[in-house]
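Undergrad:
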Amino acid sequence: MMKRSHKKKTHIKPSFMTWRLNDVAYVARYHWVPCVFALGLLFFMAVEYTLFMIPSSSPPFDLGFIATRHLHRVLSSSPALNTLLAALNTVFVLMQTVYILWTFLIEGRPRSTIATVFMFTCRGILGYSTQLPLPQEFLGSGADFPVGNVSFFLFYSGHVAGSVIASLDMRRMQRSRLAWTFDILNVLQTIRLLGTRGHYTIDLAVGVGAGILFDFLAGKYVDSQCKTSAVNFNGHHIASKTGLPLWLLGFAADRLRADMNRLLSLLFHQGVLDEQFLQLQQLQDESSPNFVSEVVNIYFHESERLLMNLRSILCLRALEVLEHEYCYLKNKLHELFQV
């Protein structure tokens with residue numbers, strides 16, 4: 053007699069049915085940031101559904117314009133002050149431009165430049181797609197950038213986004229003071245743009261988000277390009293021959309580290325390196341990232357001087373053996389540091 057097999061059915065409870073009061077209290081205590089945003093969602097849903105729409109015949113409502121109405125009165129009554137602030141703002145834009153180009157052309161780090169190119173291209177697309185009207189109380193100046201404000205896209209602020217991109221790069225490079233300086237100048241720039249009605253509040257807010265977003269995307273792009281191809285380590289250092297940044301050569305960062313670790317293991321196995329090399333590595337940190345390489349270079353420099361002195365003391369045959377060992381060690385360590 054065949055027995056009928058019965059499969060046990062599993063019932064999955066919805067997640068919220070397993071919650072307890074203690075769980076809710078835990079979330080409110082340790083995850084209060086998303087809770088605040090959840091309350092913000094409910095609040096602005098109530099505001100949106102009870103709000104009176106702005107008539108098409110009326111100028112746009114902008115909270116930033118209301119907050120800077122006193123500054124607007126001062127600037128409108130003093131054209132000289134408006135021109136001075138516009139000139140200072142233009143200097144700040146030039147500071148952003150010089151720093152971003154410096155990171156690429158001098159330091160060989162393209163992330164900020166790529167982020168800026170991405171950002172301004174997207175700004176052009178969006179700015180042309182939806183062309184907002186110029187605020188009625190706009191205060192232009194011949195010293196402003198673009199010069200004279202002949203025409204420009206309102207959405208979104210390239211001034212603010214460019215400053216954010218530069219500031220993020222400064223923080224990555226541990227240039228904290230310079231980053232804070234740019235942030236403070238960016239806040240002053242934002243107040244001035246609102247006071248002159250050069251941008252709506254939404255243009256400036258989205259400018260901050262655009263700077264963060266395109267810096268992140270540029271970082272992803274550079275990382276992806278570093279993983280597209282392998283590196284040939286057969287005694288050739290491509291970057292030193294071409295002078296191009298590593299990302300342009302398609303250096304695979306993960307494979308680079310793996311090959312370096314294999315070479316280190318081989319040198320330890322052959323007796324070229326010992327525990328003293330590990331001690332040197334422990335002394336290397338972010339404040340002196342090239343410490344090991346500098347110590348090895350000093351060793352080779354001093355060794356060449358000492359070998360020249362030993363030439364007059366030791367017999368030629370013994371010296372040939374010593375020079376052979378020296379050249380062998382030098383080639384192995386050069387190969388390591390080229391990796």
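In the numbering used here, the protein residues as written are 53 to 391.
Backbone N, C-alpha and C define an ideal beta-carbon position, used for all residues, glycine too.
What number of angstroms, rounded off, separates the C-alpha of Ile177 from the C-alpha of Met171?
TA: Cα to Cα, the separation comes out at about 10 Å.
Undergrad: Report yes if the CB atom of Phe204 is closer than 8 Å to the CB atom of Thr182, and no otherwise.
TA: Result no, Cβ atoms of Phe204 and Thr182 do not sit closer than 8 Å.
Undergrad: Residues in its own chain within less than 7 Å of Arg223 by CB, not counting five upstream and five downstream?
TA: Taken in chain order, the residues that qualify are Ala231.
Undergrad: For Ser219, is the classification buried or exposed, using 16 other Cβ atoms within 10 angstroms of its Cβ as the cut-off for buried?
TA: The residue is buried, with at least 16 neighbouring Cβ atoms inside 10 Å.
Undergrad: Give the DSSP bridge partners of Ser339, in chain order.
TA: Answer is none; Ser339 lacks a bridge partner.
Undergrad: Please list, in chain order, all residues of the same chain as Thr165 whose beta carbon is under 6 Å from its beta carbon, the five residues on each side excluded.
TA: Hits under 6 Å: Ile152, Phe156.
Undergrad: Take Leu237 and list the residues in its own chain whose beta-carbon comes closer than 6 Å to its own, dropping the five residues that flank it on each side.
TA: Contacts found: Phe144.
Undergrad: In the DSSP assignment, find the alpha helix (DSSP H) that holds Phe172 and state where it starts and stops.
TA: Here the alpha helix (DSSP H) through Phe172 covers 163-181.
Undergrad: Glu100 lies in the alpha helix (DSSP H); which residues open and close that run?
TA: Segment 84-102, the alpha helix (DSSP H) holding Glu100.
Undergrad: To the nearest whole angstrom, what separates the beta carbons of Val348 and Leu385, a pair I think is in contact under 8 Å?
TA: Sure, about 6 Å apart at Cβ, within 8 Å.
Undergrad: So the candidates are Gly192, Pro112, Asp235, Ile106; which of them puts its Cα closest to the Cα of Met147?
TA: Minimum Cα distance to Met147 is reached at Asp235.
Undergrad: Suppose you measure from the CA of Asp75 to the CA of Arg81; what does that come to, to the nearest Å?
TA: The straight-line gap from Cα to Cα measures roughly 10 Å.
Undergrad: Please give me, in chain order, every unbroken run of the alpha helix (DSSP H) with length at least 4 that falls completely inside the stretch 205-248.
TA: You should have 210-224, 228-247.
Undergrad: Quick check on the DSSP output: the alpha helix (DSSP H) that includes His124 runs from which residue to which?
TA: Its alpha helix (DSSP H) spans residues 121-129.
Undergrad: How many angstroms separate the CA atom of Asn134 from the CA atom of Ala270?
TA: The straight-line gap from Cα to Cα measures roughly 36 Å.
Undergrad: For the ligand SAH, I want to know if Leu137 counts as a neighbour, meaning its beta carbon is within less than 7 Å of at least one of the ligand's heavy atoms.
TA: The ligand SAH is not part of this structure, which contains no ligands at all.
Undergrad: Given a cut-off of 8 Å on the beta-carbon distance, is the pair Val324 and Leu359 in contact?
TA: Not in contact: Val324 and Leu359 (Cβ atoms no closer than 8 Å).
Undergrad: Give the secondary structure of Val324 by DSSP, where H, G and I count as helix, E and B as strand, and everything else as coil.
TA: DSSP places Val324 in coil when its eight states are reduced to three.
Undergrad: According to DSSP, is Trp71 helix, strand or coil?
TA: Correct three-state label for Trp71: coil.
Undergrad: Does the beta-carbon of Phe113 have 16 or more other beta-carbons within 10 angstroms, so that it is buried, or is it exposed?
TA: Exposed.
Undergrad: Shortest alpha-carbon distance to Ala213 belongs to which of Ile264, Phe68, Ser345, Glu100?
TA: Ala213 has its Cα closest to that of Ile264, out of Ile264, Phe68, Ser345, Glu100.
Undergrad: Quick one: residues in its chain with C-beta nearer than 6 Å to the C-beta of Ser215, no 5 flanking neighbours on either side, listed in chain order?
TA: The residues are Gln148, Phe234, Asn238.
Undergrad: Taking 7 Å as the limit between beta carbons, can you name the residues of its chain near Leu191, skipping five residues before and five after?
TA: Answer for Leu191: Leu127, Ser128, Asn134, Thr248, Arg249, listed in chain order.
Undergrad: Report the CB separation of Thr120 from Ile243 in whole angstroms; it is logged as a contact under 8 Å.
TA: Their Cβ separation, rounded to whole angstroms, is 6 Å, which keeps Thr120 and Ile243 in contact under 8 Å.
Undergrad: Within a Cβ cutoff of 7 Å, which residues of the same chain sit near Ala138, ignoring the five residues on either side of it in sequence?
TA: Excluding positions up to five away in sequence, the list reads Ser193, Ala195, Asp196.
Undergrad: Which whole-angstrom value is the C-beta distance of Thr253 and Leu103, which I expect to be below 8 Å?
TA: Their Cβ separation, rounded to whole angstroms, is 16 Å, which puts Thr253 and Leu103 out of contact at 8 Å.
Undergrad: Quick one: is Phe96 buried, meaning 16 or more other Cβ sit within 10 Å of its Cβ, or exposed?
TA: Per the 10 Å Cβ criterion, exposed.
Undergrad: Quick one: using the 10 Å Cβ neighbour count with 16 as the cut-off for buried, is Gln226 buried or exposed?
TA: Exposed is the call here.
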